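What follows is one structure encoded as structure tokens, with my remarks underneath.
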Amino acid sequence: MEFHVQDQVIRIAPRDAPHLLAVLTERFRARRGFALATLNLDHLVKLQQDRAFLAAYAQHDLVVADGNPVVWLSRLAGRPVGLVPGADMVVPMVRLAAEAGVSVALVGSTEAALRAAGEGLCARVPGLVIAARIAPAMGFDPMGQQGAEVIAALRASGAGLCLLALGAPKQEIFAARARAALPHMGFASIGAGLDFIAGAQPRAPLWVRRLTLEWLWRALSSPRRMVPRYARCAAILPGLMVAAWRLRG
1 MEFHVQDQVI
11 RIAPRDAPHL
21 LAVLTERFRA
31 RRGFALATLN
41 LDHLVKLQQD
51 RAFLAAYAQH
61 DLVVADGNPV
71 VWLSRLAGRP
81 VGLVPGADMV
91 VPMVRLAAEA
101 GVSVALVGST
111 EAALRAAGEG
121 LCARVPGLVI
131 AARIAPAMGF
141 DPMGQQGAEV
151 IAALRASGAG
161 LCLLALGAPK
171 QEIFAARARA
181 ALPHMGFASI
191 GAGLDFIAGA
201 QPRAPLWVRR
211 LTLEWLWRAL
221 SSPRRMVPRY
231 ARCAAILPGL
241 MVAAWRLRG
């Protein structure tokens, strides 16, 4: 499945969670880096408006479908992909890293949340080594001196996997920059994934997610922030549906 945004093509690959985990297993064993993005409608809105975000996305090795609308669009296009929520992939990714002897760095959120997330991950994944916990200051500029300092800290840590919880577009822009500077390291942009593990931010109950109603749960939980976001997403959906239909055949 692919999305045409301005002059770039964003392709979803690997197509589902099992294929993603297979790719990550090979990369960890070979000590080959990567940049993983999790595509959703909110990203597609931002990609149309932010050239830096689009340029960064185009540099990612791996892009998965993090949102049911993206999955539904892929089916409409006759090129189905599986749902791969970034938050759900944190523990499986970390487990693969630990099995390959790869240490992990946590970047984003707050120091307290990173400490709690690290403890939660170590409790779930025996043998996991957390090599660094970095909580950038408010106003973090991924392309400025702050970004350079985080890259230097990651290099010194010796980590092979970096989980980025900076929010879009900062995490993807930083991932693209850091991927070029640290070719041995994998960068996975996971949004609120670490906050969920830390308990710093509640996630929709499993039954809500199984009914594909997490968006409604989030809208009701934080209407001032989420309702405008979902309105912008709804506005681009008809155009995406037409484009997906044209990909058929």
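As numbered in my numbering, the sequence shown has no gaps in its residue numbers, which increase by one up to the final residue, 249. Just so you know, even glycine gets a beta-carbon here, dropped at the ideal spot from N, CA and C. Note that the structure is predicted; figures quoted are calculated from it, not measured.
C-beta contact flag for residue i and residue j at 8 Å
{"i": "Leu39", "j": "Met93", "result": "no"}
{"i": "Ser194", "j": "Leu106", "result": "Before going on, a small fix: residue 194 reads as Leu here, not Ser. A contact, by the Cβ cut-off of 8 Å."}
{"i": "Leu161", "j": "Ala97", "result": "yes"}
{"i": "Gly167", "j": "Gly144", "result": "no"}
{"i": "Ala58", "j": "Gln8", "result": "yes"}
{"i": "Asp42", "j": "Val84", "result": "no"}
{"i": "Ala77", "j": "Leu247", "result": "yes"}
{"i": "Leu216", "j": "Pro69", "result": "no"}
{"i": "Pro136", "j": "Val150", "result": "yes"}
{"i": "Arg51", "j": "Met1", "result": "no"}
{"i": "Ala219", "j": "Ser109", "result": "no"}
{"i": "Ala243", "j": "His4", "result": "yes"}
Distance cut-off 7 Å: residue i Cβ against heavy atoms of the ligand ADP
{"i": "Pro205", "result": "The ligand ADP is absent from the structure shown, which contains no ligands of any kind."}
Where residue i sits in the DSSP three-state scheme
{"i": "Val107", "result": "strand"}
{"i": "Ala65", "result": "strand"}
{"i": "Arg11", "result": "strand"}
{"i": "Leu213", "result": "coil"}
{"i": "Leu83", "result": "strand"}
Span of the beta strand (DSSP E), counted from its first residue to its last, around residue i
{"i": "His4", "result": "Glu2 to Val5"}
{"i": "Thr38", "result": "Phe34 to Leu39"}
{"i": "Gly186", "result": "Gly186 to Ser189"}
{"i": "Ile173", "result": "Taken as a continuous stretch (DSSP letters only), Ile173 belongs to no beta strand (DSSP E), being part of the alpha helix (DSSP H) at Lys170 to Ala181."}
{"i": "Ala30", "result": "Here Ala30 belongs to no beta strand (DSSP E); instead the alpha helix (DSSP H) covers Ala17 to Ala30."}
{"i": "Leu164", "result": "Leu161 to Ala165"}
Terminal residues of the alpha helix (DSSP H) in which residue i lies
{"i": "Val129", "result": "Neither: Val129 is in no alpha helix (DSSP H) and is coded neither H nor E."}
{"i": "Gln146", "result": "Gln145 to Ser157"}
{"i": "Asp141", "result": "Element bounds for Asp141: n/a, residue is neither H nor E."}
{"i": "Val102", "result": "Neither: Val102 is in no alpha helix (DSSP H) and is coded neither H nor E."}
{"i": "Asp195", "result": "Gly193 to Ala198"}
{"i": "Gly239", "result": "Pro223 to Arg246"}
{"i": "Ala204", "result": "Ala204 -> no alpha helix (DSSP H), and no H or E assigned at all."}
{"i": "Arg58", "result": "In the sequence under discussion, the amino acid at residue 58 is Ala, which differs from the Arg named in the question. Per DSSP, Ala58 belongs to the alpha helix (DSSP H) from Arg51 to Ala58."}
Supposed contact pair residue j and residue i - C-beta distance, whole angstroms, cut 8 Å
{"i": "Ala65", "j": "Val45", "result": "At roughly 16 Å, the Cβ-Cβ gap does not stay under 8 Å, so Ala65 and Val45 are not in contact."}
{"i": "Ala87", "j": "Asp61", "result": "Ala87 to Asp61, Cβ: 20 Å. No contact."}
{"i": "Gly147", "j": "Arg177", "result": "6 Å"}
{"i": "Leu128", "j": "Cys122", "result": "5 Å"}
{"i": "Met241", "j": "Leu73", "result": "7 Å"}
Cβ neighbours of residue i in the same chain (closer than 6 Å, five flanking residues each side left out)
{"i": "Ser189", "result": "Ala37, Leu164, Gln171, Glu172 and Ala175"}
{"i": "Thr212", "result": "Asn68"}
{"i": "Glu111", "result": "Ala135"}
Cβ-based neighbour list, residue i, same chain, cut-off 7 Å, excluding 5 preceding and 5 following
{"i": "Gly120", "result": "Ile197 and Ala198"}
{"i": "Val63", "result": "Ile10, Arg11, Ile12, Ala13, Ala37 and Leu39"}
{"i": "Phe28", "result": "Leu96, Ala97, Ala100, Val102 and Gly160"}
{"i": "Val208", "result": "Glu214 and Trp217"}
{"i": "Pro142", "result": "Lys170, Ile173, Phe174 and Arg177"}
{"i": "Met226", "result": "Arg218 and Ala219"}
Residues near residue i by beta carbon distance below 8 Å, same chain, minus five either side
{"i": "Leu154", "result": "Ala105, Val107, Ala132, Ile134, Cys162, Ala178, Leu182 and Met185"}
{"i": "Val71", "result": "Ala65, Pro80, Val81, Gly82 and Leu83"}
{"i": "Ile130", "result": "Ser103, Val104, Ala105, Leu106, Gly118, Leu121 and Cys122"}
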